[in-house]
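What follows is a single structure, written as structure tokens, with notes after it.
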């Protein structure tokens with residue numbers, strides 16, 4: 032892993048390849064990663080609740 036120098040462009044969207052000292056990049060990718068994190072957390076919660084409901088239903092002998 033190497034550190035980017037001033038004036039370099041983005042090599043990839045990975046956090047260590049982004050020039051965080053550039054304000055526009057920091058705001059854009061900060062918001063992007065925040066939104067992706069919230070969406071991922073929401074999907075994980077929905078998946079967890081769905082699995083819990085399926086287990087609870089199968090424990091009572093419910094059929095689908």
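Residue numbers (this note's numbering): 32 to 95. Yeah, the Cβ is synthetic: ideal placement off N, Cα and C, and Gly gets one too.
Within the model, the alpha-carbon separation for residue 84 versus residue 51 is close to 43 Å.
DSSP, reduced to helix, strand and coil, places residue 44 outside both helices and strands of the structure shown, so it counts as coil.
The three-state reading of DSSP puts residue 85 in helix, counting H, G and I together. Note on residue 41: under 16 other CB atoms within 10 angstroms of its CB, so exposed under the neighbour-count rule.
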